[in-house]
Structures are given as structure tokens and as C-alpha cells.
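2 protein chains.
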Amino acid sequence: MHIKKQRLLTPGPTPLYPPALHAMMASDMHHRTEDFRKVYSSCVAGLKEVLGTSYDTIPLVASGSGAMEASISNLFSKGDKAIVCVAGKFGERWEGIAKAYALNSVVLREEYGGTVAASRVAEALAANPDAKGVFIQASETSTGAMHDIEAVARAVAATDAILVVDGITGIGTQPLKIEEWGIDVLIGGSQKAFMIPPGLAFVTVSPKAWKRAETSDLPKYYFNLKKEAKSAAAGESSWTPATSLMLALNEALNFIKSIGPDKLIENAQLLAKAARAAAAELGLELFSPGSPGSAVTAIKAPAGMDSGVIVKGFKQRFGAIIANGQGTMKGQIFRVAHLGYFDFADLFAVIAGLELILVANGHPVKLGAGVTAVQRVYAEAAGIGV
Amino acid sequence: MHIKKQRLLTPGPTPLYPPALHAMMASDMHHRTEDFRKVYSSCVAGLKEVLGTSYDTIPLVASGSGAMEASISNLFSKGDKAIVCVAGKFGERWEGIAKAYALNSVVLREEYGGTVAASRVAEALAANPDAKGVFIQASETSTGAMHDIEAVARAVAATDAILVVDGITGIGTQPLKIEEWGIDVLIGGSQKAFMIPPGLAFVTVSPKAWKRAETSDLPKYYFNLKKEAKSAAAGESSWTPATSLMLALNEALNFIKSIGPDKLIENAQLLAKAARAAAAELGLELFSPGSPGSAVTAIKAPAGMDSGVIVKGFKQRFGAIIANGQGTMKGQIFRVAHLGYFDFADLFAVIAGLELILVANGHPVKLGAGVTAVQRVYAEAAGIGV
Numbered sequence: 019m020h021i022k023k024q025r026l027l028t029p030g031p032t033p034l035y036p037p038a039l040h041a042m043m044a045s046d047m048h049h050r051t052e053d054f055r056k057v058y059s060s061c062v063a064g065l066k067e068v069l070g071t072s073y074d075t076i077p078l079v080a081s082g083s084g085a086m087e088a089s090i091s092n093l094f095s096k097g098d099k100a101i102v103c104v105a106g107k108f109g110e111r112w113e114g115i116a117k118a119y120a121l122n123s124v125v126l127r128e129e130y131g132g133t134v135a136a137s138r139v140a141e142a143l144a145a146n147p148d149a150k151g152v153f154i155q156a157s158e159t160s161t162g163a164m165h166d167i168e169a170v171a172r173a174v175a176a177t178d179a180i181l182v183v184d185g186i187t188g189i190g191t192q193p194l195k196i197e198e199w200g201i202d203v204l205i206g207g208s209q210k211a212f213m214i215p216p217g218l219a220f221v222t223v224s225p226k227a228w229k230r231a232e233t234s235d236l237p238k239y240y241f242n243l244k245k246e247a248k249s250a251a252a253g254e255s256s257w258t259p260a261t262s263l264m265l266a267l268n269e270a271l272n273f274i275k276s277i278g279p280d281k282l283i284e285n286a287q288l289l290a291k292a293a294r295a296a297a298a299e300l301g302l303e304l305f306s307p308g309s310p311g312s313a314v315t316a317i318k319a320p321a322g323m324d325s326g327v328i329v330k331g332f333k334q335r336f337g338a339i340i341a342n343g344q345g346t347m348k349g350q351i352f353r354v355a356h357l358g359y360f361d362f363a364d365l366f367a368v369i370a371g372l373e374l375i376l377v378a379n380g381h382p383v384k385l386g387a388g389v390t391a392v393q394r395v396y397a398e399a400a401g402i403g404v
Numbered sequence: 019m020h021i022k023k024q025r026l027l028t029p030g031p032t033p034l035y036p037p038a039l040h041a042m043m044a045s046d047m048h049h050r051t052e053d054f055r056k057v058y059s060s061c062v063a064g065l066k067e068v069l070g071t072s073y074d075t076i077p078l079v080a081s082g083s084g085a086m087e088a089s090i091s092n093l094f095s096k097g098d099k100a101i102v103c104v105a106g107k108f109g110e111r112w113e114g115i116a117k118a119y120a121l122n123s124v125v126l127r128e129e130y131g132g133t134v135a136a137s138r139v140a141e142a143l144a145a146n147p148d149a150k151g152v153f154i155q156a157s158e159t160s161t162g163a164m165h166d167i168e169a170v171a172r173a174v175a176a177t178d179a180i181l182v183v184d185g186i187t188g189i190g191t192q193p194l195k196i197e198e199w200g201i202d203v204l205i206g207g208s209q210k211a212f213m214i215p216p217g218l219a220f221v222t223v224s225p226k227a228w229k230r231a232e233t234s235d236l237p238k239y240y241f242n243l244k245k246e247a248k249s250a251a252a253g254e255s256s257w258t259p260a261t262s263l264m265l266a267l268n269e270a271l272n273f274i275k276s277i278g279p280d281k282l283i284e285n286a287q288l289l290a291k292a293a294r295a296a297a298a299e300l301g302l303e304l305f306s307p308g309s310p311g312s313a314v315t316a317i318k319a320p321a322g323m324d325s326g327v328i329v330k331g332f333k334q335r336f337g338a339i340i341a342n343g344q345g346t347m348k349g350q351i352f353r354v355a356h357l358g359y360f361d362f363a364d365l366f367a368v369i370a371g372l373e374l375i376l377v378a379n380g381h382p383v384k385l386g387a388g389v390t391a392v393q394r395v396y397a398e399a400a401g402i403g404v
């Protein structure tokens, strides 16, 4: 027990794909050269392939929140009515940005752990035929819940509104068929299923959304999607790009393409299924039992135990960083991540560690029971008869 | 001649400090942990020390242009009158951002290669007593010219306006005494004298500027300086920070502190002096002879030669990337950089290569003459009698 490897097991930043990390060592490149234009173009093409879209796909030097802001400042105008789905901390971020830009928000709120039903979105659109847009999270990272983006998209597609999906943790963990379903804007971030450090965000823009850009009257300069789309087509960015992160992204995208974007999603889904099975086996409740997503499984701490005890236990006993709850959920839940470069060996270790931490803190569980639940999910998927 | 090392010799991105580059390999850190808060706090303290200020100093995940925008969207209001000094491509960027945010700009324009005299700023302030701010570049990267920030600052300090200085290439190449002179906002970028890859920007904010934040009515969310200043004081950032770049920055700041921030400036100044001496020796004209800065020396190509020939010559013959002119200056000038991790050995090689490239392209110069001019500057500074 004298060696405790540092393990980053959070839903963002996520574990790094080593060759992508190492690729950053070649960062002594100038961005206005043919060598770098090849990297940039390859990243843009790779993002489109992994996201399954021919729509303009624009990298930005920003955290995901910057891309969320860009989708509002570039595609909406002051006073525009917008339907904002809020079921967690990141839904609240939509609400905050819409307020900062003086949109007229119709907020569809659900309790933390819940989801906004597509039928509520459809009703809100019917009641507000002047709505210009709908904002939602694919996966609400703070609660682990997943929205039914297909149903929401089909409801929005029938209207003049555009659908803006924060897919920052959803991408790579649930299908998001941009063109088939009608996702006008999909937002991603580098430090999630893309397996590289934070600092890059991505935005896809549909032709329907581009029309909005023509009339948008909100101030913007650094995040100028039209300008960036034009630059990206030429293998460049308008401002100095984050060269080190683009080098990493290129490597990670090659890996994701090699396994297949669908397999990346399936990987997260299987791990999430196994994590839910382990929680059930250990008598722990899910925080979002109604529609648990596959990016992260939010699990309630046992009654009477602060979830911080579990988070600290992982850090102190096993050198592993797992996520506590955010905001008012802090102390109530802990979150086991699955998005990106996670595998079953990670989950075996997490659940085995969790069992020991629970026992050590006076919550008796049968050692190995949760791990066995994970093993069973693996065995079934791998065709191992048990 | 079969080995040509890749050398990045541009005024941004600049050559990388290797230990800073290598520090990025430890990027598997979560940003909401004590371990990372130490890194973040150390970066903020290090930036303050290197910049020589006790003012709030705020890192942002963005290119420098994002920080320029932040200074406008956070500290000004719609219709505010602003004096905008424009003498190159980056001055034009101030003009563009001010326009995007509907400021009422009084533009003080000079030809490329010139500088806006402090006396013009003082006159404009006298003629526009309602001016809320003055925007200027410390070093105009596109032309190599340096503004007299001390004189401009003293003129602005006597008024109600705040002085916002784009120090993106100026920092580390010319003294910028924030508190003594009255620089209300100083903007920097990671890929310049800080010797690390692009993707981070920094903003210092004076108490006088903070007062403006109280009444600013421009929309902002991602770039919220008040929120970020509060977060930074707690060793955090509001949004997910660029962990890899902060690790690199911490290492680079330790290096800069070890040699001394003044010595970093002196290093650039000596190299710039030597580059000017070499240009004179080779009969080449400076693009900004009136007030050449020390970040980058812009040199005119010989009459009848496109400067692209020189840029390509460096790439093809010596694997070195040097900068061409930007915009209408492309083809007219090439730029030899000095900011950050540059040394005399770099400059010996650049000037020796330049001499050969000039000769190879039909512009006879005496081989070694420029190099000797550089050697003389070194010898004088190092106390070597020649």
C-alpha cells in the first residue's frame, strides 16, 4: 500500500490518451504554416467524422462555456424568445448566458436528477410559436441524467426554432445524430470523450442555424462563428489556435476513428450499465434513476454518510480523483465517470475501492459483490459464459 | 546539409522553454483539487511578480484577442467614447472590437511602421474630456514598433479615462511599470515572452478600472473579470482551466523569476539592438526606424525582392520558421523575433542564414558582416574587448 498511482477518474477532465498527451511535445509549430494547416484540417475533418456530420464544425480556444456563449451571441438577437431546459448546474449555465445576453427565456425547470421531457418542450414550442431556439444538455454532467435528444430534436425541427445542444459530456456517450434528428448546434469540449486536456471547445452549425447568424445583433468578436468557419475551411483559425491541444486532438481523433465512434459510445454505455449494476448490488441508489446517462453515473452516498468521505477515501487510499456533487448536490452524491478513455479495468478498481471505503466508514457491504456485478456485465458483453 | 533542425523563430508562438513543455505531461490533474489549486495560485502569484504588480491578475482560457475583448466587454458600456491608437494590424484589432461592442471610437491612426505619439493621445484626451478609455499596443507585433507607454500612461492617469495596454508582445521586451506609470489594464498571452504554447491570456486590472466594471452594461459571461478575479483569489477559475498550459506556465514563470524579469527584458533589448546592427551592416532598412521595439525587428526586404523569398529560404535551407509581414506588409518585410526564450546563438544563426539567403537570391552582401555586428553587441555587453 505504499504505492498509490495518481488516477484521474472524473467526468472532465477525463483520463488522457497517452499518445495524444505525448503529441503535445511537438508544440513548437507556427500556426500559419502548411505543416500546421494539415494538423488543423485533419482535426476539423476528424471531428466531423466522429460527430457524423457534414455541417461546419468549428474549434474554439475556450472552455465549453465559451462555446455555449458563442452559440447564443452568434445565432440570437437581443430579446429573442428561447426555451431553456434546466435540470442541473449546466442547464443553469444556459439560463445564465441567456440572461447575460438579454434573451427572453422560457425556462422549463426540473429538479436535479430529473430531465425535461420532450413533450414539455413540444408544449412550450406550441405555446410560444415565436420561440427562436431551444437550449438543452444532452447529458447533464452534474446529475448524470441524459435527455432524450432525439425526441426533443424532432419536436424542434418542426418549428422555426433552432436546437442548441450542450453535448460537452454527451458526445461519445450517447447517439447524437446531428443531421438525421435535426440538432442545429452541437457543442463539445476537449477534456471529455476526446481524451485530451481542457482548453478547446467545438461547435457544429446547421444551415438553419447559419441563417440566424445573418440577423444576429448581439455583440461578438472573439467568438465569431462565421469568421471561424471560413478560417477553418482554409485549415486555419482567426486567432492564434491552441497548437498543443490541436496536436493532441489530432492523435485522439485518430484513435477514436480507429475503434469507431459508435464503439466509443458503446464502451461508455457498457461501463455505465456495469456501474449501475454494481450500485444496485451494493444497495446504493442512483441520483437520476429515471434516465441515467452513460457519461457519468451519479450515486447517492449511503444515508448518514457525506459523499465527501467517499471522494476523500479514493484520494487517500487509492490516489484516485473521483467527482463529488456540485452546488447543493455536494456531499450527497459521488460520480463515477465513463466518458472517453475509461475501461473495465478502471471500473473493477473503482468498485473494489468503493466497497472497501464503504466498509471502512461503517457501511457494511459484501466485499466483491459490486465487482462481480461489473464482471457479469463484462462477461455478457464479451460472450463469456458465467 | 542533410539535417535541418526545425526551429520556431517567430514573434508568437515563440520558442518553447523545454521544462515548461515537459511539465504538460503531468496534465492528468483535476482542476478542483488542492494539488491544482497550488499550481493555479502559483501561476497567479508568479504572473504578478513577473509583471511587477499587486493588481488583480486574471488568467483566461483564450488567445490574446479574447483578453482584449474581455477588457472592453467588462470595463466599458455601450456608446462609451474611447481613444483608439492604431498603427498596425493589432491596433486595427482594438478598432474592430470597439466597433463590435458599439463604443464611440476616436481613432488616432498612424501609418504602418509609425507610432502614435503620447502628445497626440494627450491632445485627444483634452479634446474629448468625456473619453472613458485609451487603447494602445505596447509593441505592435505587425510592424515591430514600440509605443512610449510611460508617456501615454502619464497623460491618461491625469484624466478619468482608463489606459488599456495590449502588452501581448510588449511584456518581457520593454519596461511596463503598471502601478508607477498608471497602466489600468495590461494584457498578455502565453505564447509570447512566457515561452509556452498558445491558449492562455492574462489581464491585470487596476482599482480605477474595477470601478468601471461596476457600471459596465455590455453583455459578458465567459469573460467575466469580476467573477474570475474572485475565483483566482481562491486558486481556481470559474470555468475549466487549461490545466496543461497552467502547468507549463508555472514552470516558465519559475525560470523567468530565476533569471529576473528585468533580465528577460534586457535579453530581448540586446538581441534587438544586435539585429538592428546586423541589418544596418547588411544595408537593410528597418520598417519602423523611428521607434523600433525589442519584441521583434521588422526588416524590409531588399528592393526588388519579395520578403517571402527570405521566409521560404529559412524554411527550405535551415528548417527555420521566421515571420513574413502581415496584411499589406506581406512580401515587404520579414520579422526577426527576440521575445521570450531567444538567445544570441539563435541570432548568430539567423543572421548567418540571412546573409546566405540574400546572396543566393542575387543580393550581394559580405558574408559574416552581419554576424560580426551581432558579435560586437554581445562582446560589448559581455565585457569582451574586441
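Going down the list, the protein sequences come from chains A and B. Numbered by this note's numbering, the letters in the first sequence go through residues 19 to 404 in order. Numbered by this note's numbering, the letters in the second sequence go through residues 19 to 404 in order. Glycine included, C-beta positions come from ideal geometry on N, C-alpha and C. Values in this document were obtained by computation on a predicted structure and should not be read as measured data.
If you follow the alpha helix (DSSP H) that residue i is part of, which residue opens it and which one closes it?
i	result
residue 136(B)	136-145
residue 331(A)	325-336
residue 236(B)	Where residue 236(B) is concerned, there is no enclosing alpha helix (DSSP H), given that its DSSP letter is neither H nor E.
residue 22(A)	Where residue 22(A) is concerned, there is no enclosing alpha helix (DSSP H), given that its DSSP letter is neither H nor E.
residue 451(A)	Absent from the structure is residue 451(A), since the part of chain A shown begins at 19 and ends at 404.
residue 69(B)	52-69
residue 378(A)	362-378
residue 273(A)	261-277
What does a CB cutoff of less than 6 Å around residue i pick up in its chain, not counting 5 residues either side in sequence?
i	result
residue 269(B)	37, 38, 41
residue 61(A)	264, 267, 268
residue 56(A)	none
residue 249(A)	255, 256
I'd like to know if residue i contacts chain A, where contact means its C-beta is closer than 8 Å to some C-beta of that chain.
i	result
residue 257(B)	yes
residue 339(B)	yes
residue 261(B)	yes
residue 79(B)	yes
residue 97(B)	no
residue 118(B)	yes
residue 51(B)	yes
residue 24(B)	yes
residue 331(B)	no
residue 87(B)	yes
List the endpoints of the continuous beta strand (DSSP E) containing residue i.
i	result
residue 77(B)	74-79
residue 151(B)	151-155
residue 317(B)	314-318
Could you name the residues of the same chain whose beta carbon sits closer than 8 Å to that of residue i, not counting the 5 residues immediately before and after it, in chain order?
i	result
residue 73(A)	66, 196, 197, 222, 223, 224, 225
residue 371(A)	331, 332, 335, 336, 338
residue 177(B)	143, 147, 149
residue 366(A)	389, 392, 393
Near residue i, which residues of its chain fall below 7 Å by C-beta distance, leaving aside the five closest residues on each side in sequence?
i	result
residue 241(B)	78, 84, 87, 88, 91, 92
residue 47(B)	53, 54, 261
residue 129(A)	none
residue 192(A)	156, 157, 164, 283, 311, 312
Indicate whether at least one CB of chain B lies closer than 8 Å to the CB of residue i.
i	result
residue 384(A)	no
residue 30(A)	yes
residue 188(A)	no
residue 84(A)	yes
residue 155(A)	no
residue 209(A)	yes
residue 239(A)	yes
Residue i and residue j look like a contact to me (Cβ under 8 Å); what is the Cβ gap, rounded to whole Å?
i	j	result
residue 237(B)	residue 391(A)	Not quite, the Cβ-Cβ distance comes to about 49 Å (not below 8 Å), so this is no contact.
residue 304(B)	residue 315(B)	7 Å
residue 202(B)	residue 181(B)	5 Å
residue 395(B)	residue 295(B)	6 Å
residue 243(B)	residue 231(B)	6 Å
residue 212(B)	residue 159(B)	Not confirmed; about 15 Å, so no contact.
residue 173(B)	residue 227(B)	Rounded, the Cβ-Cβ distance is 17 Å, inconsistent with contact.
residue 76(B)	residue 246(B)	5 Å
residue 271(A)	residue 69(A)	That pair is no contact at about 10 Å.
Interface residues of the region 34-49 of chain A facing chain B [CB-CB below 8 Å]: 34, 39, 40, 42, 43, 45, 46, 47, 48, 49
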